[in-house]
Amino acid sequence: MTITAVVGAQFGDEGKGRVVDYLAREADLVVRYQGGDNAGHTVVNDRGTFRLHLIPAGIFNPQTACLVGTGTVVNPATLLVEMDELQKAGVSLDNLWLSDRAQVVMPYHRTLDGLEEKSRGDAKIGTTGRGIGPAYSDKAARSGVRLGDLLRSDWLRERLSLILPRVNRSLEFFGEPTLNLESLISQCAEWGETLGARIVDPVPLTRGAVEGGKNILLEGQLGVMRDIDWGTYPFVTSSHPIAAYAAVGAGIPPRLVTNVIGVAKAYATAVGAGPFPAELHDETGAKLREIGHEYGATTGRPRRTGWYDAVVVRYGAWINGMTGLALTKLDVLDTFPEIKICTAYRLPDGRTIDHVPDTPVLDTIEPIYETWPGWMTPTTGARSWDQLPQAARKYLKRLEEVSGVRIQYVSVGPERDEMFAVKDS
Ligand code: GDP
Ligand code: IMO
Ligand code: MG
Numbered sequence: 235m236t237i238t239a240v241v242g243a244q245f246g247d248e249g250k251g252r253v254v255d256y257l258a259r260e261a262d263l264v265v266r267y268q269g270g271d272n273a274g275h276t277v278v279n280d281r282g283t284f285r286l287h288l289i290p291a292g293i294f295n296p297q298t299a300c301l302v303g304t305g306t307v308v309n310p311a312t313l314l315v316e317m318d319e320l321q322k323a324g325v326s327l328d329n330l331w332l333s334d335r336a337q338v339v340m341p342y343h344r345t346l347d348g349l350e351e352k353s354r355g356d357a358k359i360g361t362t363g364r365g366i367g368p369a370y371s372d373k374a375a376r377s378g379v380r381l382g383d384l385l386r387s388d389w390l391r392e393r394l395s396l397i398l399p400r401v402n403r404s405l406e407f408f409g410e411p412t413l414n415l416e417s418l419i420s421q422c423a424e425w426g427e428t429l430g431a432r433i434v435d436p437v438p439l440t441r442g443a444v445e446g447g448k449n450i451l452l453e454g455q456l457g458v459m460r461d462i463d464w465g466t467y468p469f470v471t472s473s474h475p476i477a478a479y480a481a482v483g484a485g486i487p488p489r490l491v492t493n494v495i496g497v498a499k500a501y502a503t504a505v506g507a508g509p510f511p512a513e514l515h516d517e518t519g520a521k522l523r524e525i526g527h528e529y530g531a532t533t534g535r536p537r538r539t540g541w542y543d544a545v546v547v548r549y550g551a552w553i554n555g556m557t558g559l560a561l562t563k564l565d566v567l568d569t570f571p572e573i574k575i576c577t578a579y580r581l582p583d584g585r586t587i588d589h590v591p592d593t594p595v596l597d598t599i600e601p602i603y604e605t606w607p608g609w610m611t612p613t614t615g616a617r618s619w620d621q622l623p624q625a626a627r628k629y630l631k632r633l634e635e636v637s638g639v640r641i642q643y644v645s646v647g648p649e650r651d652e653m654f655a656v657k658d659s
């Protein structure tokens, strides 16, 4: 039995979807443990190209049970669209389950996300507009609706009667029309009817898998630098992408999580506002964006691009307790004659630090780089460590050294088979 958390080692969009799709061939259960449809997890395999938002990337393996876990926030409307797209592509959803404890992203959460962002003006976070912040805020305020509530009409009415006046006060504050209890209740009842058969108590499923010695993957959303406590607060999401939360969000005892795979790009990207230390504002950055197709999977926004920031990955390796790295998008660097790695930060007073400081300090640092020669030859055909050009192997060895964690997998293209495990290198 292995229980493996797959987490983002940077600012999100590292390729978690493709890594989970690859590893799920051997998995009995995959659980998405946090976040909502702000995620865009791209999977390219023999079934087609998919942008998953909530459904675990194990869904392509019919033997793998897929659970949208308790730590997530679920928008039933967008989930139904995602389910429909998969079904149309012939992907079976027979093994898709939703935790009855997961929070519901209500239509007013999306409205409030947009209104709150607008009210922040220049200080906006750059959220995906999917209602994630307001949904997690309501969860913490004990004013949330959970998926299981959609199946219990009296309880739902009681809950919404209590919650709605609070929501309406917020809407009134922004000068928006207020909502009607009966129409919300009927919307929820409709969702309950459509999704009801999949909404389950997750504990028998997860406990059964653990006690049966099964292989379990815990799929994270976003990355360490957008963690609500450990990321660039306030330019973060409203949950915990880090591995510690995998246990909470999936409902599995923390000591049973045996492996933590951090997914990192061979360079770096970010969407949204806030410090991004190794960012490139020049032609090299534009070249990374074009070759890497760095446009948001959920919002289509151009992603900010930069060099690999080993300070960030080393920090992520520690906070997550990573046991290995999956290094993605190596092929994107194939045509760069020089490649840089950020290894430390210089503070305004001239001192250097090699850890990630709090946001206001991070905003003032200057990245310190070392430069490596590129390999200037295609890597997409490589299926083993030995098939990589020597300069690429040297680059990866250096990344391993400065990141403080072993590279366990390398991916050289978006397709499922364009990834390989690194044996003894
Ligand atoms: P996630 O949110 O962490 O799952 O990552 P995204 O799906 O948002 O972004 C990763 C993008 O890179 C997707 O478009 C993937 O298809 C693509 N991708 C993943 N691995 C590789 C790779 O090794 N090479 C190339 N060229 N593209 C990759
Ligand atoms: P995956 O799982 C990249 C970013 C937003 C914004 C911040 C908060 O595909 O890696 P939110 O909507 O969560 O309140 O936005 O987080 N963000 C992502 N960036 N990939 C994602 O998901 C993201 N989900 C949210 O751009 O900076
Ligand atoms: Mg993504």
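Read in order, the letters of the sequence shown are residues 235 to 659 in the working numbering. Heads up, the beta-carbon is just placed ideally off N, CA and C, and yes, glycines get one too.
Check the C-beta distance from residue i over to residue j and give it rounded, since I have them as a contact under 8 Å.
i    : j    : result
D372 : G363 : Rounded, the Cβ-Cβ distance is 17 Å, inconsistent with contact.
W619 : K657 : 7 Å
N493 : T238 : 4 Å
N272 : T532 : 6 Å
N449 : D262 : 5 Å
P411 : L405 : 7 Å
D739 : F294 : Examination of residue 739 is not possible in this model, given that the chain is present from 235 through 659 alone.
G274 : G647 : Incorrect: roughly 18 Å between the Cβ atoms, too far for contact.
Would you say residue i and residue j are within 7 Å of each other, going by their C-beta atoms?
i    : j    : result
F510 : R538 : yes
T440 : G483 : no
D461 : P475 : yes
I497 : G242 : Checking the displayed sequence, the identity of residue 497 turns out to be Val instead of Ile. Yes, the Cβ-Cβ distance between V497 and G242 is below 7 Å.
T276 : R266 : no
V264 : L451 : yes
R585 : E600 : no
K499 : E248 : yes
G540 : A512 : yes
T613 : A626 : yes
Q201 : Y479 : Missing from the structure shown is residue 201; the chain here goes from 235 to 659 and no further.
I495 : G426 : no
T577 : E604 : yes
G282 : V307 : no
M556 : V639 : yes
H287 : E260 : no
Could you tell me the distance, in whole angstroms, from the CA atom of residue i to the CA atom of residue j?
i    : j    : result
V338 : R380 : 5 Å
I602 : V566 : 22 Å
K637 : P582 : For the sequence presented, residue 637 should be read as Ser rather than Lys. Going by the C-alpha atoms only, they are around 24 Å apart.
A369 : S333 : 16 Å
R335 : K628 : 47 Å
A423 : E649 : 40 Å
I573 : G608 : 6 Å
L564 : S645 : 6 Å
L596 : G508 : 10 Å
A655 : I575 : 23 Å
N309 : E634 : 38 Å
R386 : G430 : 10 Å
V491 : A481 : 7 Å
E350 : L413 : 18 Å
G465 : L514 : 20 Å
D383 : I359 : 31 Å
A291 : D328 : 14 Å
R535 : G367 : 19 Å
E319 : P594 : 42 Å
L330 : L415 : 30 Å
E622 : T471 : Rather than Glu, the amino acid found at residue 622 in this sequence is Leu. Answer to the nearest angstrom: the Cα atoms are 36 Å apart.
P341 : A311 : 9 Å
A299 : G442 : 12 Å
V401 : V253 : 39 Å
F408 : L396 : 20 Å
N279 : L257 : 13 Å
R489 : T236 : 12 Å
Report task. Name all residues in chain order for which at least one heavy atom of the ligand IMO lies closer than 5 Å to the residue's CB. Result -> G246, D247, N272, A273, G274, G360, T361, T362, I366, G367, Q455, L456, R460, T471, V505 and G506
Query raised in the report: Would you call the segment 576-595 and the segment 536-553 touching, i.e. three or more CB-CB distances under 8 Å?
Result: yes
Requested in this report: For the segment 345-357 and the segment 299-308, state whether three or more C-beta atom pairs, one from each stretch, are separated by less than 8 Å.
Outcome: no
Query raised in the report: Would the segment 451-468 and the segment 317-325 be scored as touching if the rule is three or more Cβ pairs under 8 Å?
Result: no
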